[in-house]
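In UniProt numbering, the protein residues as written are 1 to 225.
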């Protein structure tokens with residue numbers, strides 16, 4: 001892995017807005033995750049630490065740390081004398097991530113359910129944006145808005161550790177890979193979200209399992225329970 005131990009550069013007005021928030025390493029990690037999920041970096045392609053640092057106007061240290069975090073999630077692999085590259089993925093990788101995500105989200109709803117009635121307007125507004133993206137046929141926006149819906153629900157759990165683990169899974173990448181590379185069925189996610197919101201409204205005890213099953217519908221067909 002290339003790199004020098006130069007001091008980090010404070011974000012300036014010329015840098016992406018992404019980096020003008022706190023948590024530099026986390027923001028760099030998100031930048032790389034977005035690049036993988038958007039197809040900028042394909043499976044097997046190198047991610048050159050120096051180029052990322054130059055593009056973002058930071059030192060290579062936090063970029064290196066972000067890549068190490070992504071390696072622990074099996075999104076990146078480091079090869080001797082060749083640096084970091086996006087891991088080649090297969091359906092088994094996807095099969096392993098979705099039960100973990102589904103279990104976390106089921107627990108999140110179990111924790112959040114008593115409070116969710118006070119967040120229904122926010123969830124419905126988010127789901128309306130998803131429905132609009134679906135009507136326009138914009139898959140990238142659908143993925144982003146759908147994930148944000150789930151991010152809201154997880155956040156409403158109030159459990160910071162659960163939220164941190166969920167965020168660390170690289171949900172955007174795995175969901176996009178499932179939809180794009182392995183032909184996971186695409187259907188009306190907003191309609192399912194509407195039913196889940198109604199379960200929240202009714203304080204339905206089956207709501208946690210509903211969200212769990214909904215998440216598993218993203219998994220490759222071969223590996224669904």
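Cβ coordinates follow ideal geometry from the N, Cα and C atoms, glycine included.
Treat the numbers as computed from the prediction; the structure is a model and nothing was measured.
Next on the checklist: Tell me the DSSP secondary structure of residue 45 in three-state form.
Outcome noted: Residue 45 sits at position 45 when you count from the first residue of the chain shown. DSSP places residue 45 in coil when its eight states are reduced to three.
Item to check | Separation of residue 167 from residue 202, as counted between CA atoms | outcome: The residue labelled residue 202 in the question sits at position 202 within the chain shown. The residue labelled residue 167 in the question sits at position 167 within the chain shown. Straight-line spacing of the CA atoms in residue 202 and residue 167 works out to 28 Å.
Checklist entry - Would you report the Cα separation of residue 190 and residue 124, rounded to the nearest angstrom? => result Numbered from 1 along the chain shown, position 190 holds the residue referred to as residue 190. Numbered from 1 along the chain shown, position 124 holds the residue referred to as residue 124. Cα to Cα, residue 190 sits roughly 10 Å from residue 124.
Item to check | Buried versus exposed call for residue 28 [16 or more other C-beta atoms within 10 Å across all chains shown] | outcome: In the chain shown, residue 28 corresponds to position 28, counting from 1. Residue 28 should be labelled buried.
Item to check | Ordered list of alpha helix (DSSP H) runs contained in the region 77 to 162, each at least 4 residues | outcome: DSSP runs (the alpha helix (DSSP H)) wholly in the region 77 to 162: 91 to 116, 120 to 136 and 139 to 156.
Checklist entry - Are residue 43 and residue 98 touching if we call contact CB-CB under 8 Å? => result Residue 43 sits at position 43 when you count from the first residue of the chain shown. Residue 98 sits at position 98 when you count from the first residue of the chain shown. With a cutoff of 8 Å on beta-carbon distance, residue 43 and residue 98 are scored as not near each other.
Checklist entry - What do you reckon, is the C-beta of residue 193 under 7 Å from a heavy atom of the ligand PLP? => result Among the ligands in the structure shown, none appear at all, so the ligand PLP cannot be discussed.
Checklist entry - Mapping DSSP to helix, strand and coil, what is residue 58? => result Along the chain shown, read from residue 1 onward, the residue named residue 58 stands at position 58. Correct three-state label for residue 58: coil.
Next on the checklist: Using only CA atoms, which one of 218, 96, 198 and 159 lies nearest to residue 111?
Outcome noted: In the chain shown, the residue the question calls residue 111 occupies position 111. Measuring from the Cα of residue 111, the nearest candidate turns out to be 159.
Item to check | Same chain, Cβ closer than 7 Å to residue 183, five either side skipped, listed in chain order | outcome: Residue 183 sits at position 183 when you count from the first residue of the chain shown. With a pLDDT of 46 at residue 183, under the threshold of 50, the modelled position of this residue cannot be trusted, and the question is left open.
Checklist entry - Taking just the CA atoms, how far does residue 39 sit from residue 206? => result As a working mapping, residue 206 is identified with position 206 in the chain shown. As a working mapping, residue 39 is identified with position 39 in the chain shown. Cα to Cα, residue 206 sits roughly 37 Å from residue 39.
Next on the checklist: Let's see if you can read the secondary structure: which residues bound the alpha helix (DSSP H) around residue 194?
Outcome noted: As a first step, residue 194 is located in the chain shown; it is residue number 194 there, counting from the start. Its alpha helix (DSSP H) spans residues 189 to 201.
Checklist entry - Hey, residue 68 and residue 87: beta-carbon distance below 8 Å or not? => result Looking up residue 68 in the chain shown gives position 68. Looking up residue 87 in the chain shown gives position 87. No; because the gap between Cβ atoms is not below 8 Å, this pair is not in contact.
Item to check | Inter-residue Cα distance where the pair is residue 24 and residue 79 | outcome: Here residue 24 refers to the residue found at position 24 of the chain shown. Here residue 79 refers to the residue found at position 79 of the chain shown. Those two C-alpha atoms are separated by around 25 Å.
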